[in-house]
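Right, one structure below, let's go through it.
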Amino acid sequence: MATITGPLSGDAKNTVAEALQGALVDLIDLSLVAKQAHWNLIGPHFRPIHLQLDELTDLARTHMDAIAERAVAVGVNPDGRSTTVAKSTKLQQLESGWLEDGKVVATITDLLDGVSKRMHERVRATDEPDPVTQDLLIAVAQDIDKQHWMFQAQS
Numbered sequence: 001m002a003t004i005t006g007p008l009s010g011d012a013k014n015t016v017a018e019a020l021q022g023a024l025v026d027l028i029d030l031s032l033v034a035k036q037a038h039w040n041l042i043g044p045h046f047r048p049i050h051l052q053l054d055e056l057t058d059l060a061r062t063h064m065d066a067i068a069e070r071a072v073a074v075g076v077n078p079d080g081r082s083t084t085v086a087k088s089t090k091l092q093q094l095e096s097g098w099l100e101d102g103k104v105v106a107t108i109t110d111l112l113d114g115v116s117k118r119m120h121e122r123v124r125a126t127d128e129p130d131p132v133t134q135d136l137l138i139a140v141a142q143d144i145d146k147q148h149w150m151f152q153a154q155s
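Each residue of the sequence shown is one higher than the one before, starting from 1 at the first, in the UniProt record's numbering.
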């Protein structure tokens, strides 16, 4: 059986693996929360928020694939299984049922704030061990920060 190896080893590999796995879980769950809100949204601002939630979902899905593929490239197995995401997510979950647009904007703003903070921590953590991974995380942080601003501007 073939084994995937990468350019990192030891503590550097462990630090990068932790950063990538945390980012992967954040992005997978962010895409799920955004889509759940998208489906159950109601209120006078339904249309623009509905569309913005789709943009957020697409952004999260695009970045999660890049993050998972980077993990493989450095010899780490990404774990995006639903049980892994469910037990390790740090994202607040939405309530069930219809979701009022103002509450969705506030909740998504808060979620993005937390994801942003964790991404910035991961950017700092990967500075020394792997600048390539750091670049990917910077791109994620940039897009998350922009989405945070755009949702926050509506609250």
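Ideal Cβ positions, reconstructed from N, Cα and C, are used throughout, including at glycine.
Using 8 angstroms for Cβ pairs, my map puts residue i next to residue j. What's the rounded Cβ distance?
i	j	result
Thr109	Phe151	5 angstroms
Thr89	Asp29	4 angstroms
Ala71	Ala17	7 angstroms
Ala34	Thr57	5 angstroms
Thr13	Gly97	Before going on, a small fix: residue 13 reads as Lys here, not Thr. About 44 angstroms; that fails the 8 angstroms criterion.
For residue i, report the span of its alpha helix (DSSP H) as first-last.
i	result
Thr107	101–125
Trp39	10–40
His45	From DSSP, His45 is part of no alpha helix (DSSP H); its letter is neither H nor E.
Ile144	131–152
Val76	Looking at the DSSP string, Val76 is not in any alpha helix (DSSP H), and its letter there is neither H nor E.
Ser82	82–88
Could you name the residues of the same chain whose beta carbon sits closer than 7 angstroms to that of residue i, not counting the 5 residues immediately before and after it, in chain order?
i	result
Ala141	Ser116, Met119, His120, Val123
Leu112	Ile144, Gln147, His148, Phe151
residue 163	The structure shown does not extend to residue 163, since the chain spans only 1 to 155, so no value can be given for it.
Leu136	Ala66, Ile67, Arg70
Gln134	Val123, Thr126, Asp127
Decide if residue i is buried, meaning its Cβ has at least 16 other Cβ atoms within 10 Å, or exposed.
i	result
Ala153	exposed
Gln93	exposed
Ser31	buried
Pro131	exposed
Leu51	exposed
For residue i, I'd like the list of residues in its chain whose CB is within less than 8 angstroms of its CB, leaving aside the five on either flank, ordered along the chain.
i	result
Asp101	Leu41, Ile42, Gly43, Pro44, His45, Phe46, Ile49
Leu91	Asp26, Asp29, Leu30, Val33, Leu111, Gly114, Val115
In chain order, what residues of the same chain lie with their CB nearer than 6 angstroms to the CB of residue i, ignoring the 5 residues before and after it?
i	result
Ile67	Leu20, Ala23, Leu24
Pro78	Leu24, Ala68, Ala71
Leu53	Ala34, Ala37, His38
I'd like to know if the stretch 113–127 and the stretch 17–32 are in contact, where contact means that at least 3 CB-CB pairs between them fall below 8 angstroms. yes
Give a yes or no on contact between the stretch 36–46 and the stretch 76–91, applying the rule of three or more CB pairs nearer than 8 angstroms. no
Kindly confirm or deny that the stretch 49–65 and the stretch 3–15 touch, where touching means at least three C-beta pairs closer than 8 angstroms. no
Any contact between the stretch 31–39 and the stretch 125–135? By contact I mean 3 or more CB pairs, one from each, below 8 angstroms. no
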